[in-house]
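These notes concern the structure reproduced below.
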Amino acid sequence: MSNEPDEIAQYSHVGADASSDSTAALRFAADALPVLIAYVDSAMRYQFNNRAYTTWIGRPHHELTGRHMLEVLGPQVFEAVKPNIEEALAGASSTYERELTWPDGQTRFTRGSYVPNVAPDGQVLGFAIMALDLTDHRRTEVHLAESQQRFKSLFDYHPDAIYSLDLSGRFLSANTACENLTGYDADELMERSCTSLIAPEDLERTLAHFHAATEGQAQHYETVIIHKLGVRVAIYVTNVPLVVNGAVIGVYGIAEDISDRKATEQALKQSETRKAAILDVAIDCIITMDAEGTILEFNPAAEQTFGYLREDVLGRSMPELIVIPTRDGESEKDFQSSLVAGASGIVGRRLEMTGLRRGGAEFPIEIAIIPVAVQGETIFTAYLRDISRSKIAEAAENRLRREIEAGELRQRAFLREILASVTEGKLRLLDSLDELPERLPRMLETVPLVASSDMRLLRNAAKSAALEIEFSDLRWQNLITAVSEAAMNAIVHAGGGVGKVFGDTADKVQVWIEDEGAGILMENLPKATLERGWTTAGSLGHGFWLMLQTVDRMYLLTGPTGTTIVLEQDRIPPPPAWAMDAM
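Numbering (my numbering), first residue to last: 2 to 584.
What follows is the structure in structure tokens.
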């Protein structure tokens, strides 16, 4: 074949310059590689392919030779790789990495490279194809990412403190519950050793448990730590060795705050005199009851809150003092008893319920019921407080919050109208995705915006779209000026984004630039959009002011989760706002 490169000609046809042994060896080497290899001439017809390629396509070598790529790959795959083919035929190497659905109906994630074969005179004789099937690798990556996300969720949202230590006892990781338990944030903990948190009297014993865990023995023990505020916190700790590649590299720990439980146990061990003193001075209501809900103790705070004297309620049922919802098919008495016994999940939780004062008046309460084993029996202590004042304050706070939110909405609406008026309708400040303009029917280009060099790609795409529908020089030059400024904003202020160019058949070009940055603060919007050269990043340029001078319309949707800017330029300049008003 006249346009076939010398190397491929020698490979495919045994000639005077190559022995049949050499050709067989080259064929063997190509067939042995797990990479898909093929050679296509400048007419896009196959001239060579290895065994992996024929297996992938599902057709033998002799059926592929001489066939056009469209016929072999099918329309869908051919159209997907057509830009890479065109680059190769233009003399430039190109690479793609994407999911493709092949003629056999299978979707595979593929990485392919197209390398042009350029003759000394500059003519492109054809191109080599090298491809890898990365489907299994891609699936493994996805499964690994999902597994890591599940583990991270378990770590981050576990109610108990979870942490890891190296062999010297220094923190390697700590979840949010660990931050709350110690009072130190994660960065502060990473700079500390666990020994700095342990109460001095517990340090030696706690370190013994730690070292036992580093030797491969799981440990369960109680100890006391000192909170950042200086408060002592009793904790129940589980330590297990942290093993990587068969070697112990540290200790993994789970710590539960048992301060309330320890305090309750200690209180129950005190003498009746001590117990009475605690009950008398307590600000909260403290009510002790048995497993049936019969009241055994009633402190002065409870007397004042409920309006009963202690002797009036001893021996009565706890459900007479609080309103407990009933469930279908269960009597109130049985259900109330099961609540106190813990069957319904009330025990050990802090709940908001309704109390009943003497005379029947209802009031909001916060209650926590703690079970304690005493001499083989379980009794319950209810810690309860009247939250009427806090509820009133909460309601007032909610009203104030709603008023502030309403004020912000009014302020934004006012700002929206002002910006539209000052810019003669060019700048359209939006509040939701629904208000964005409808995308034009043809998406012409998508450009990731990571570095400043990416702006050139987006400008060229916008220019090509404008020239396709015969924009004047001034119109397309104005458009790409605005595109440059918007893309620079995404890169500098938001850390990157993506640009998309849309067009229609004759009238308009539309450029979308989206990022996931922190957005523009409402108080900065007037300066950011109207003041020439204003910026928060210390960079040069005219920003939004210049965009408004060069495009027909600009839509702006911005908030704490990101910013979307849509620039629209008509082929024929629209009449000025004053002329429209006159009409």
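Just so it is clear, CB atoms sit at the ideal spot from N, CA and C, and this is done for glycine as well.
All of these numbers come straight from a predicted model, not from anything done at the bench.
- Runs of the alpha helix (DSSP H) lying entirely within the region 162–236 and spanning at least 4 residues, in chain order: 177–183, 187–191 and 204–215.
- Between the region 212–222 and the region 182–195 there are fewer than three inter-stretch CB-CB distances shorter than 8 Å, so the stretches are not counted as touching.
- For S260, the secondary structure class from DSSP, reduced to helix, strand or coil, is helix.
- Collapsing the DSSP output to three states places A39 in a strand.
- With distances taken between CA atoms, E205 lies nearest to T224 out of V493, T224 and T482.
- Beta-bridge analysis with DSSP links F128 to V41 and P117.
- In the three-state DSSP reduction, R112 falls in the strand class (E or B).
- Judged by DSSP secondary structure, I380 falls outside any alpha helix (DSSP H) and instead within the beta strand (DSSP E) spanning E378 to D387.
- About 36 Å separates the beta carbon of I470 from that of A519, a gap too long to meet the 8 Å contact definition.
- In the structure shown, Y158 falls within a helical segment according to DSSP collapsed to helix, strand and coil.
- Put simply, of F415, E486 and M131 the residue whose alpha carbon is nearest the alpha carbon of E524 is F415.
- Within the same chain, and ignoring the five residues on either side of L434 in sequence, no residue has its Cβ closer than 6 Å to its Cβ.
- Counting every other CB atom within 10 Å of its CB across the protein chains shown gives G316 a total below 16, marking it as exposed.
- Ranked by how close their Cα comes to the Cα of F545, the residues G563, P561 and L568 have L568 in first place.
- In the three-state DSSP reduction, Q107 falls in the coil class, being neither helix nor strand.
- Rounded to whole angstroms, L37 and R112 show a C-alpha spacing of 10 Å.
- Annotation: A213 to E312 spans about 54 Å, alpha carbon to alpha carbon.
- Secondary structure at F49: strand, using DSSP grouped into helix, strand and coil.
- Exclusion of the five residues before and after I323 leaves M354 and G356 as the residues of its chain whose Cβ lies within less than 6 Å of its Cβ.
- DSSP links N240 through a beta bridge to Q220 and G254.
- Counting along the chain, T424 sits inside no alpha helix (DSSP H), nor does DSSP assign it H or E at all.
- Taking C-beta atoms as the reference points, G500 and A488 count as a pair closer than 8 Å.
- Linking T562 to L526 through their CA atoms gives a straight-line distance of about 16 Å.
- Annotated three-state conformation of V348 is coil, per DSSP.
- For G560 and I419, the gap between their C-alpha atoms comes out near 19 Å.
- A Cβ-Cβ contact shorter than 8 Å links A89 with Y115.
- Its Cα nearest to that of T565, the residue A495 stands out among A495, D553 and V510.
- Apart from sequence neighbours up to five positions away, the residues of its chain that approach P117 with a beta-carbon distance below 6 Å are A89, G92, V125 and F128, ordered along the chain.
- DSSP, read as helix, strand or coil, puts V451 in coil.
- Distance between V484 and V512, taken at the CA atoms: about 7 Å.
- Distance from the CA atom of V373 to the CA atom of V314, rounded to whole angstroms, is 21 Å.
- DSSP, reduced to helix, strand and coil, places G408 within a helical segment of the structure shown.
- With contacts defined as CB atoms closer than 8 Å, L431 and L549 fail to qualify as a contacting pair.
- Closest option to V244, judged by alpha-carbon separation, among L168, R233, R193 and Q267: L168.
- Look at F472 here: in three-state DSSP terms it is coil, with no helix or strand label.
- I287 is positioned such that its CB atom lies closer than 8 Å to that of A302.
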